[in-house]
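Remarks on the structure that follows.
So, in structure tokens, the structure goes:
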């Protein structure tokens with residue numbers, strides 16, 4: 411069970427509304443944007459006020475009735491798939507996920523509509539050449555230790571990404587005393603299984619980006635330190651990573667992208683909400699379905715194998731069990 415506690419609300423992309431009447435729709439948007447694997451969101455009273463633009467006195471004076479029943483503000487968080495629990499009037503409140511929100515249901519329906527059959531999906535991938543396709547892969551929690559303390563040449567990125575990285579350094583526990591190329595630093599199941607395929611892609615300087623919780627986006631040879639942070643889209647300015655992904659596709663002159671990520675992760679969410687079609691790019695997301703017990707270990711390893719199958723042009727029967735290809739609009 412994951413419980414998210416809000417800290418430093420402005421640093422998470424929440425802009426204060428004008429003081430006065432509370433705008434509860436802002437809370438609905440905030441909750442809807444939370445990752446699907448987070449079961450609860452804890453907010454202090456001040457943080458709740460900052461999000462909605464001022465919590466009315468009645469929220470504290472008329473507990474518990476204000477927080478329940480068929481009221482307009484209650485309908486907002488219920489529509490987002492949450493209920494208010496652990497309410498301490500004037501101090502804090504926790505919004506706990508009760509099920510799927512309306513937007514989550516719509517997104518799930520859209521994913522089902524866009525998902526290709528296993529055979530059709532892999533056959534679609536086989537139309538593309540790995541070295542001519544922008545490849546997107548996730549980072550991993552497990553990382554190799556060590557590295558070099560020498561001065562590495564930095565990889566140029568727009569100032570907006572560099573500023574966002576600096577803002578996230580503390581929460582990500584970034585330690586850059588020793589540096590290592592990003593694709594070598596990561597050592598989780600995806601990277602262990604991708605093996606030769608990933609090494610070949612890097613050696614051939616294929617269009618490849620790593621989606622990173624600590625750095626946002628990384629090119630494979632980019633030197634990075636050690637850190638501990640899963641990808642959370644709320645940590646990054648709205649639209650920044652999406653624009654950079656489109657920019658990289660344009661820079662590398664590709665007309666297609668293939669991403670590999672767990673279906674419910676923020677890595678997948680980032681790829682899904684990027685406006686590929688408007689940029690004239692054919693985009694596909696490779697996920698793993700039906701992994702069952704032990705999915706947290708199975709999915710990265712199977713995605714790594716799927717990456718190598720794609721890169722090396724293997725036939726459909728070589729792809730791992732549960733490989734699913736989603737066409738992105």
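Numbering (our numbering), first residue to last: 411 to 739. Idealized CB from N, CA, C, for every residue including glycine.
Considering only residues of the same chain and omitting the five flanking positions on each side of residue 631, which have a CB-CB separation below 8 Å? If you number the chain shown from 1, residue 631 lands on position 221. Taken in chain order, the residues that qualify are 565, 591, 592, 593, 612.
Residue 574 and residue 624: beta carbons closer than 8 Å? The residue given as residue 574 occupies position 164 in the chain shown. The residue given as residue 624 occupies position 214 in the chain shown. The answer is no: Cβ separation not under 8 Å.
Go to residue 598, then tell me how far its alpha helix (DSSP H) extends in each direction, as first and last residue. Position 188 of the chain shown holds residue 598. Note, residue 598: premise wrong, no alpha helix (DSSP H); not H, not E.
Inter-residue spacing [alpha-carbon to alpha-carbon] between residue 597 and residue 693: Along the chain shown, read from residue 1 onward, the residue named residue 597 stands at position 187. Along the chain shown, read from residue 1 onward, the residue named residue 693 stands at position 283. The alpha-carbon atoms of residue 597 and residue 693 are separated by roughly 26 Å.
When the Cα of residue 505 is compared with those of 544, 722, 451, 569, which residue comes out closest? Residue numbering aside, residue 505 sits at position 95 when the chain shown is read from its first letter. Closest by alpha carbon: 451.
Ends of the alpha helix (DSSP H) at residue 712? As a position in the chain shown, residue 712 is number 302, starting the count at 1. First-last of the alpha helix (DSSP H) with residue 712: 705 to 722.
From 670, 559, 650, 618, residue whose alpha carbon lies closest to that of residue 717: Position 307 of the chain shown, counting from 1, holds the residue named residue 717. It is 670.
Under the assumption that residue 503 contacts residue 494 (Cβ atoms under 8 Å), give the Cβ distance between them as a whole number of angstroms. Here the question's residue 503 lines up with position 93 in the chain shown. Here the question's residue 494 lines up with position 84 in the chain shown. Yes, they are in contact, since the Cβ atoms of residue 503 and residue 494 sit about 6 Å apart, within 8 Å.
Could you tell me whether the Cβ atoms of residue 549 and residue 622 are closer together than 8 Å? Walking along the chain shown from the start, residue 549 turns up at place 139. Walking along the chain shown from the start, residue 622 turns up at place 212. A contact, by the Cβ cut-off of 8 Å.
Just to check my reading of the structure: residue 726 and residue 533 have Cβ atoms closer than 8 Å, yes? What is that Cβ distance to the nearest angstrom? One-based indexing of the chain shown puts residue 726 at position 316. One-based indexing of the chain shown puts residue 533 at position 123. About 7 Å; that satisfies the 8 Å criterion.
Continuous beta strand (DSSP E) stretch holding residue 587: start and end: What you label residue 587 is simply residue 177 of the chain shown in a count that begins at 1. Run containing residue 587: 585 to 591, per the beta strand (DSSP E) assignment.
Which class does residue 639 belong to by DSSP, given the choice of helix, strand or coil? Walking along the chain shown from the start, residue 639 turns up at place 229. Coil.
Per-residue DSSP class, three states only, for residue 461: Stepping through the chain shown from its first residue, residue 461 is reached at position 51. In this structure, residue 461 counts as helix in the three-state DSSP scheme.
Indicate the three-state DSSP secondary structure (helix, strand or coil) for residue 615 in the structure shown. Translated into the one-based positions of the chain shown, residue 615 becomes position 205. DSSP places residue 615 in coil when its eight states are reduced to three.
Straight-line CA distance for residue 672 to residue 461? Here the question's residue 672 lines up with position 262 in the chain shown. Here the question's residue 461 lines up with position 51 in the chain shown. Roughly 30 Å separates the two Cα atoms.
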